[in-house]
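For the sequence shown, position 457 (counting from the first letter as 1) is numbered 456 according to numbering that gives the first Met the number 0, and the numbering increases by one without interruption.
All C-beta atoms in this analysis are idealised placements derived from N, C-alpha and C, irrespective of residue type, glycine included.
Nothing here was measured: the structure is a model prediction, and the numbers come from that model.
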Amino acid sequence: MFDVLVIGGGNAALCAALTAREAGASVLLLEAAPKAWRGGNSAHTRNLRCMHDGPQDVLVDSYPEEEFWQDLLRVTQGQTNEALARLVIRTSSTCRDWMRRHGVHFQPPLSGALHVARTNAFFMGGGKALVNAYYRSAENLGVQIRYDTPIDALELRDGRFVAAHAGKERITARSCVLACGGFESNREWLREAWGQNAAGEWPADNFLIRGTRFNQGVLLKFMMDAGADTIGEPSQSHCVAIDARAPRYDGGICTRVDCVSLGIVVNRDAERFYDEGEDFWPKRYAIWGRLVAQQPGQIGFSIIDAKAPGHFMPPVFPGVQSQTLAGLAQQLGLDASRFEQTVNDYNRACRSGHFNHAILDDCHTEGLSPVKSHWARPIDTPPFYGYALRPGITFTYLGLKVNEHAAVHFNGQPSDNLFVAGEMMAGNVLGKGYTAGVGMSIGTTFGCIAGREAAKAAGKREENHAAA
Ligand SMILES: Cc1cc2nc3c(=O)[nH]c(=O)nc-3n(C[C@H](O)[C@H](O)[C@H](O)COP(=O)(O)OP(=O)(O)OC[C@H]3O[C@@H](n4cnc5c(N)ncnc54)[C@H](O)[C@@H]3O)c2cc1C
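Structure, rendered in structure tokens:
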């Protein structure tokens, strides 16, 4: 029998497996995906948010605990557990040395990185390189790894883990860490969570999943049915507007379209529906998925003219292009006269001041609804460009309630041998909203805590100092 069973194969699972192994436990890690697709959403990441009191290797200036905490408080609108959040924040200042020991390299941020050079440490080679390094280190340390092994049920007794089931196979261990992500890839569950709109549409049917197809929420559902304490709302998720041509799964970050604040966004009826210049794009990109989800047909169109390129990270896939507004509308499948009317109304309402995309400038609209608060310049210079947008779900927030030991709870009582980490519990810290890079900070912190506690529960003592 193994000491520790880790279920999942992304960042949180790997941090747990490595930490448990460092503590002397024998560890078996079960990943639902085949080897080529291992690593879950973590393989798509680029950075983690780190507290630091002064310049540190790849991080500039400082990002003190209080500022990080205030950022979290603001984006979650208070839906966060302060003690657990501060645990994540403090761990984020020390975890990079541990990560480096397991082969992760960091690099200075490149331009176009959503202004996070001060707050976020970027992985050299992205999340794919990070998970590859962790798998390599885990193998070298003797962690047993099995791919293609989705766990469909657990055996629990009095709040304790007994065994996991993969089809007919029964796998026992002295303790267990659940780190199998959210339920964002489960279309039926998304449908249930988002429901039907007034037009009779099921908005979730048009959602694209930015990450892995393997996060089906099977064990989250199982644990809920088994009476585990939960946190968060099923309809809360990180949801951005992405290129409508993205694949249904695993499109990753290259499907992002970052020119919204430089032009206008219209819906299927060629009408604007929200202030595109409300705030800096890094602070607003995560609301646009939900905004597009609320439009008819769950589609939007980001429109810019020749003045915009050069002011945003160019999308990997070019948009449609035309010398005329009518030509653009035709290619996007929009009613040309309605579209021209919308653009003309907007152009007339623009009060152009001193355009500066680096500040909340004074270019705005007057007498137009919805207003455009900043960076409003007429769309009048061909060629015109258009990008169709769909809601892209990054991950869901519904999860299992934990304490500072990452223990799963039943009726307020912590389990003594069942732990949870990563997206499956991120809702304890992030009940709502998002601040870039915090997903990996939460997963690294609680992955390491869960691994350490699982090893302890299996009777092992810590030998090395892990990240948390
Ligand atoms: C495109 C994209 C970009 C992102 N960029 C960033 C970023 O730069 N910084 C950041 O902090 N966050 C980012 N995130 C969010 C980040 O990916 C998550 O917060 C983090 O990876 C969660 O780690 P995890 O280990 O909990 O989940 P995952 O990495 O998703 O891992 C879950 C694992 O569980 C496995 N699994 C699922 N069900 C089962 C089962 N029943 N049995 C066995 N295994 C199972 C899956 O195959 C997968 O390996 C991004 C997400 C996406 C999609």
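A check of alpha carbon separations from His-51 across Val-26, Gly-38 and Asn-119 identifies Asn-119 as the nearest. Annotation: the continuous alpha helix (DSSP H) that includes Ser-91 extends over 81 to 91.
As the crow flies, the alpha-carbon of Asp-344 is around 10 Å from that of Pro-377. When Gly-352, Phe-300 and Ala-425 are compared, the shortest CA-CA separation from Phe-272 is found for Phe-300. Each residue's CA atom was taken as its position, placing Ile-441 and Ala-192 some 24 Å apart. According to the DSSP assignment, Gln-69 belongs to the alpha helix (DSSP H) that extends over 64 to 75.
Note on Met-123: under 16 other CB atoms within 10 angstroms of its CB, so exposed under the neighbour-count rule. At least 7 Å separates the beta-carbon of Ala-24 from that of Ala-178. Separation of Gly-194 and Asp-157 (C-alpha to C-alpha, rounded to the nearest whole angstrom) is 35 Å. The Cβ atoms of Ala-227 and Pro-149 do not sit closer than 7 Å to each other. Residue burial annotation: Asn-40 is buried, with at least 16 other C-beta atoms found within 10 angstroms of its C-beta. The residue among Leu-17, Asn-10, Phe-160 and Gln-78 with its C-alpha nearest the C-alpha of His-408 is Phe-160. In this structure Asn-214 is in contact with Glu-183, their Cβ atoms being roughly 6 Å apart against a cut-off of 8 Å. Nearest in C-alpha terms to Arg-350, of all of Ala-137, Ser-336 and Cys-362, is Cys-362. The Cβ-Cβ distance between Asp-2 and Arg-169 does not fall below 7 Å. A Cβ-Cβ contact shorter than 7 Å links Gly-426 with Gly-398. Taking the Cβ of Cys-179 as the reference point, at least one heavy atom of ligand 1 falls within a distance shorter than 6 Å. In the DSSP assignment, Arg-117 falls outside any beta strand (DSSP E), carrying neither H nor E.
Around the beta carbon of Gly-438, 16 or more other beta carbons sit within 10 angstroms, so the residue counts as buried.
For the segment 262 to 312, the full-length alpha helix (DSSP H) segments reaching 4 residues or more read 280 to 283 and 287 to 292 along the chain. Short of 6 Å from the beta carbon of Ala-165, and not among the five residues preceding or following it, lie these beta carbons of its own chain, in chain order: Thr-148 and Ile-150.
Shown here, Arg-20 sits in a helix according to DSSP, grouped into three states. Counted as a single uninterrupted DSSP element, the beta strand (DSSP E) harbouring Gly-385 occupies residues 383 to 395.
With a 10 Å radius around the Cβ and a threshold of 16 neighbouring Cβ atoms, Asp-249 comes out buried. The C-alpha of Ile-230 is placed about 11 Å away from the C-alpha of Lys-431. In terms of side-chain proximity, the C-beta atom of Ile-150 is found nearer than 6 Å to a non-hydrogen atom of ligand 1.
Among the bridge pairs identified by DSSP, Val-342 is matched with none.
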